[in-house]
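Just so we're aligned, residue 128 is where the sequence shown starts under our numbering, counting upward by one. Here's the structure we're looking at; comments come further down.
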Amino acid sequence: MNLFDVYSLYDIEPVRGEGSYVYDSDGTRYLDLYGGHAVISVGHAHPRYVKAIADQVARLGFYSNSVQNSLQTRFARRLGKISGYDDYSLFLCNSGAEANENAIKLASFHTGKSKVLAFDKAFHGRTSGAVAATDNPAIVSPFNRTLNVEFARLNDIADVERHLASGEFCAVIVEGIQGVAGIRMPEDDFLRQLRDLTERLGVVLIADEIQSGYGRSGKFFAHQYSGIRPDIITCAKGIANGFPMGAVLISPEFEARKGMLGTTFGGNHLACAAALSVLDIIEDENLIDNAASVGQYFIDRLKKMPQLKDVRGRGLMIGVEIEGSASEMRKRLLFDHHIFTGGAGATTVRLLPALNLSKEQADIFLKEFQNLLNEK
Ligand SMILES: Cc1ncc(COP(=O)(O)O)c(C=O)c1O
Numbered sequence: 128m129n130l131f132d133v134y135s136l137y138d139i140e141p142v143r144g145e146g147s148y149v150y151d152s153d154g155t156r157y158l159d160l161y162g163g164h165a166v167i168s169v170g171h172a173h174p175r176y177v178k179a180i181a182d183q184v185a186r187l188g189f190y191s192n193s194v195q196n197s198l199q200t201r202f203a204r205r206l207g208k209i210s211g212y213d214d215y216s217l218f219l220c221n222s223g224a225e226a227n228e229n230a231i232k233l234a235s236f237h238t239g240k241s242k243v244l245a246f247d248k249a250f251h252g253r254t255s256g257a258v259a260a261t262d263n264p265a266i267v268s269p270f271n272r273t274l275n276v277e278f279a280r281l282n283d284i285a286d287v288e289r290h291l292a293s294g295e296f297c298a299v300i301v302e303g304i305q306g307v308a309g310i311r312m313p314e315d316d317f318l319r320q321l322r323d324l325t326e327r328l329g330v331v332l333i334a335d336e337i338q339s340g341y342g343r344s345g346k347f348f349a350h351q352y353s354g355i356r357p358d359i360i361t362c363a364k365g366i367a368n369g370f371p372m373g374a375v376l377i378s379p380e381f382e383a384r385k386g387m388l389g390t391t392f393g394g395n396h397l398a399c400a401a402a403l404s405v406l407d408i409i410e411d412e413n414l415i416d417n418a419a420s421v422g423q424y425f426i427d428r429l430k431k432m433p434q435l436k437d438v439r440g441r442g443l444m445i446g447v448e449i450e451g452s453a454s455e456m457r458k459r460l461l462f463d464h465h466i467f468t469g470g471a472g473a474t475t476v477r478l479l480p481a482l483n484l485s486k487e488q489a490d491i492f493l494k495e496f497q498n499l500l501n502e503k
């Protein structure tokens with residue numbers, strides 16, 4: 128059997144990782160500024176993470192959501208405390224798309240309405256509702272296409288107001304920082320206006336923090352720069368450092384009913400052990416502060432490079448817009464200098480490293496990147 132050929136692959140196979148480095152089978156070392164697509168939060172093979180998962184799988188890897196699981200309640204308490212959402216409740220699932228799917232479902236149950244407003248260039252995942260709210264027709268099948276989703280312009284509150292005027296909307300979904308779009312920032316003022324408007328109209332505000340959350344922006348959630356409190360927040364990616372997990376944080380306005388949401392694997396013992404160890408490491412190693420300070424260091428230095436068209440982002444979620452092809456630049460960085468980066472669109476290089484990246488590691492990239500820019 129062959130693999131279904133849907134991914135464009137680099138001809139490199141990392142077989143081992145340590146901190147912000149991965150190694151291929153020949154032992155070649157690569158600096159990882161991509162974090163396996165914003166997933167590696169505490170670094171590859173962190174010893175505390177490895178031990179937590181190994182200990183748990185040796186005890187009990189999985190049991191279903193039909194019995195008590197104190198790992199889930201411990202994780203919920205810890206996540207509530209570190210995120211500032213103590214009073215919210217938690218639903219655990221397995222991926223980002225699934226988290227958004229459940230968030231939209233909850234908003235629809237709660238309001239009895241069916242329409243969702245998303246934003247231009249948004250990416251919310253590839254399952255049915257999540258992909259319908261994603262602004263990319265190439266990945267929306269005829270089955271997924273629905274009149275239940277409309278798109279407004281990001282940072283244009285009048286456009287949002289015009290859409291919501293029909294009174295048919297259960298939710299507005301917005302990324303804390305748009306990632307796949309190339310690190311596009313909702314303005315803090317826009318988020319505050321969006322919060323006021325949705326509150327006034329009784330529309331649920333969903334913050335998709337799947338890429339921008341979990342400390343990546345230099346705060347636990349990127350929307351916290353604006354001071355708003357969304358009704359629902361979705362997370363995944365960095366939550367368990369690569370162990371598949373998604374989470375929905377739900378405000379106290381929502382009432383749970385038995386059977387309303389559910390999943391076989393969500394919140395399983397191994398996922399919770401992985402996620403608890405990620406929180407231990409984030410707290411004990413001050414990784415959110417590190418993301419803020421190393422991120423600012425990166426951004427300040429990148430902004431001094433005269434060849435760049437734009438530098439956007441917060442913390443360790445950075446988009447660098449170059450003249451010419453981002454894909455060519457990423458290949459040169461990878462094959463000539465052994466540095467992994469992410470892409471977004473034709474001209475943006477995305478940096479999404481582990482939150483414990485050091486300034487010295489940032490300098491390695493900055494030097495090679497500047498040299499490549501100088502060659503042009
Ligand atoms: C903002 C955002 N939402 C949702 C998703 C989907 O997450 P997953 O691939 O885990 O389903 C992604 C993944 O890139 C994302 O960046």
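Glycine included, each C-beta is placed from N, C-alpha and C at the ideal position.
- Taking E145 as the centre and dropping the five residues before and after it, the same chain places the C-beta of H171 and A172 closer than 6 Å to its C-beta, in chain order.
- It is roughly 33 Å from the alpha-carbon of V330 to the alpha-carbon of L198.
- Linking A260 to R289 through their CA atoms gives a straight-line distance of about 18 Å.
- E228 has its CB no nearer than 7 Å to any heavy atom of ligand 1.
- DSSP lists L376 as the bridge partner or partners of L217.
- Less than 8 Å divides the Cβ of A481 from the Cβ of S168.
- Where K242 is concerned, the enclosing beta strand (DSSP E) starts and stops at K242 to F246.
- The C-beta separation of G207 from A363 comes to about 17 Å, leaving the pair out of contact by the 8 Å criterion.
- The criterion of a C-beta distance shorter than 8 Å is not satisfied by V299 and L274.
- The C-beta of H237 has 16 or more other C-beta atoms within 10 Å across all chains shown, which makes the residue buried.
- DSSP places T238 inside the alpha helix (DSSP H), whose first and last residues are G223 to T238.
- Put simply, the backbone Cα of E382 is about 31 Å away from that of F270.
- In the structure shown, G154 falls within a coil segment according to DSSP collapsed to helix, strand and coil.
- For E448, there is no enclosing alpha helix (DSSP H); the enclosing beta strand (DSSP E) has its first and last residue at M444 to E448.
- Measuring C-alpha to C-alpha distances from Q434 to each of D427, S485, E448 and V276 identifies E448 as the nearest.
- The Cβ neighbour count for N129, taken over all protein chains shown within 10 Å, is under 16; the residue is labelled exposed.
- Note that the C-beta distance between A402 and A367 is below 8 Å.
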